[in-house]
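A.B. asks: Structure below; questions to follow.
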Amino acid sequence: MKIIFCRHAEPDYEHDSITDKGKIEAELLARRLCRIDIDEIYVSPLGRARRTAEYTLEKTGKTAETFKWLREFDGKVKENGEIKGCWDKLPEYWTAQDEYYSADKWLTTPLMKSGTAKREYEFVCNGIDKFLAEHGYKRNGRYYDVTNSNHKTIVFFCHFGVECAILSRIFGVSPMPLWHNFVALPSSVTTIVSEERVKGKAQFRCMEFGDTSHLYAAGEEPSFAARFCECFEDNTRHD
């Protein structure tokens with residue numbers, strides 16, 4: 004089974020939609036996806052993901068089911084008396100604590116325990132575990148018991164943060180390095196595939212992460228959204 008994660012196109016966060024550039028990205032993504040034999044499509048309840056998905060749904064004639072756990076990851080923590088998101092932390096903070104590299108310990112730090120990170124992460128984990136079990140892959144520790152092997156192709160239209168949270172669960176790793184050391188730019192494609200090397204036992208392997216070849220093929224520069232400045236002096240996103 005393949006699962007294709009599509010991040011929404013360039014966001015208009017103010018209106019929870021996509022920008023004019025995002026509309027171009029969504030169209031190019033749809034042209035890419037309509038060449039694939041897709042079995043099922045699922046979408047985040049947030050407008051920017053739904054708007055992106057519309058282009059593919061129109062081209063394929065398919066419908067999409069909405070999953071609440073595909074919304075952007077919304078874990079909060081308390082920092083200096085303020086409520087903030089639990090990721091996009093500065094490197095000098097999170098890299099200094101070994102717990103953040105552990106799948107079993109990253110939620111045990113004082114910062115993560117100060118808010119809703121654990122609750123939100125468990126919500127996502129429970130969602131993807133249930134989905135995979137219903138599709139023939141039941142979690143068993145850090146791998147999966149195969150109850151119904153298949154070659155289905157599933158598409159999720161979602162968000163960078165939740166994509167990393169889902170992948171961390173499937174791969175049995177902390178989401179912190181994924182959130183901070185990787186980026187899936189708007190309209191990018193991430194593909195994972197099941198591997199059943201022993202009958203009835205499977206894991207998933209990432210075939211591509213954050214691929215934007217559909218944009219480059221059309222001469223469309225990828226959006227900067229989700230990145231931070233390459234150099235401090237740059238006139239791009241800082242902290």
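Note that this note's numbering has the sequence shown beginning at 4, numbered continuously upward.
Glycine included, C-beta positions come from ideal geometry on N, C-alpha and C.
All of these numbers come straight from a predicted model, not from anything done at the bench.
1. How is Arg74 classed by DSSP in three states: helix, strand or coil?
2. Output the distance between the C-alpha atoms of Val176 and Ala168, rounded to the nearest integer angstrom.
3. CB Gly78 to CB Thr119, shorter than 8 Å?
4. Within the chosen definition, does the segment 44-60 reach the segment 144-152 through at least 3 CB pairs nearer than 8 Å?
5. To the nearest whole angstrom, what separates the beta carbons of Thr193 and Glu211, a pair I think is in contact under 8 Å?
6. Taking only three categories from DSSP, how would you classify Asn143?
7. Please find out if some non-hydrogen atom of the ligand HEM comes closer than 7 Å to the beta-carbon of Ser152.
8. By Cβ distance, which residues of its chain are closer than 7 Å to Glu13, with the 5 residues on each side in sequence left out?
9. Alpha carbon to alpha carbon, how far is Gly203 from Asn143? Give it in angstroms, no decimals.
10. Take the Cβ of Thr215 as the centre, count every other Cβ of all protein chains shown within 10 Å, and call the residue buried at 16 or more, exposed below.
11. Could you tell me how far apart the beta carbons of Ala67 and Tyr45 are, in whole angstroms, since I believe they sit closer than 8 Å?
12. What residues in its chain sit with their C-beta under 6 Å from that of Trp90, if we drop five residues either side in the sequence?
13. So who's on the other strand from Ser197, going by DSSP bridges?
14. Given a cut-off of 8 Å, decide if Val158 and Leu36 are closer than it, judged by their beta-carbon atoms.
15. With burial defined as no fewer than 16 other Cβ atoms inside 10 Å of the residue's Cβ, what is the status of Lys92: buried or exposed?
16. For Arg34, which residues in the same chain have their Cβ closer than 6 Å to its Cβ, ignoring the five residues on either side in sequence?
C.D. replies: Reading off the structure:
1. In the sequence shown, counting from the first residue as 1, residue 74 sits at position 71. In the displayed model, Arg74 falls within coil according to three-state DSSP, outside both helix and strand.
2. Translated into the one-based positions of the sequence shown, residue 176 becomes position 173. Translated into the one-based positions of the sequence shown, residue 168 becomes position 165. Their Cα atoms are separated by approximately 9 Å.
3. Reading the sequence shown from its first residue, position 75 is the one you call residue 78. Reading the sequence shown from its first residue, position 116 is the one you call residue 119. For Gly78 and Thr119, yes; Cβs fall inside 8 Å.
4. By the Cβ criterion, the segment 44-60 is not in contact with the segment 144-152, since fewer than three pairs of Cβ atoms, one from each stretch, lie closer than 8 Å.
5. Position 190 of the sequence shown, counted from the first residue, corresponds to residue 193. Position 208 of the sequence shown, counted from the first residue, corresponds to residue 211. Yes, Thr193 and Glu211 are in contact; Cβ-Cβ is about 6 Å, under 8 Å.
6. Position 140 of the sequence shown, counting from 1, holds the residue named residue 143. If DSSP states are grouped into helix, strand and coil, Asn143 belongs with the strands.
7. The ligand HEM is not part of the structure shown, which contains no ligands of any sort.
8. In the sequence shown, counting from the first residue as 1, residue 13 sits at position 10. Excluding residues within five positions, the ones whose Cβ falls inside 7 Å are Ile21, Thr22, Lys24, Gly25, Glu28, Pro189, Ser226, Ala228.
9. Numbered from its first residue, the sequence shown carries residue 143 at position 140. Numbered from its first residue, the sequence shown carries residue 203 at position 200. Approximately 11 Å between the Cα atoms of the pair.
10. The residue given as residue 215 occupies position 212 in the sequence shown. Under the 10 Å beta carbon count, Thr215 is surrounded by 16 or more other beta carbons and is classified as buried.
11. Stepping through the sequence shown from its first residue, residue 67 is reached at position 64. Stepping through the sequence shown from its first residue, residue 45 is reached at position 42. Tyr45 and Ala67 do touch by the CB rule: their CB atoms are close to 6 Å apart, below 8 Å.
12. The residue you call residue 90 lines up with position 87 of the sequence shown. The beta carbon of Trp90 is closer than 6 Å to those of Trp182 in its chain, skipping five residues each way along the sequence.
13. Within the sequence shown, the letter at position 194 stands for residue 197. DSSP lists Phe207 as partners of Ser197.
14. Position 33 of the sequence shown, counted from the start, is the residue given in the question as residue 36. Position 155 of the sequence shown, counted from the start, is the residue given in the question as residue 158. Yes, these two residues count as a Cβ contact at 8 Å.
15. As a first step, residue 92 is located in the sequence shown; it is residue number 89 there, counting from the start. Lys92 counts as buried, since at least 16 other C-beta atoms from the protein chains shown sit within 10 angstroms of its C-beta.
16. If you number the sequence shown from 1, residue 34 lands on position 31. Cβ neighbours of Arg34 beyond the five flanking positions: none.
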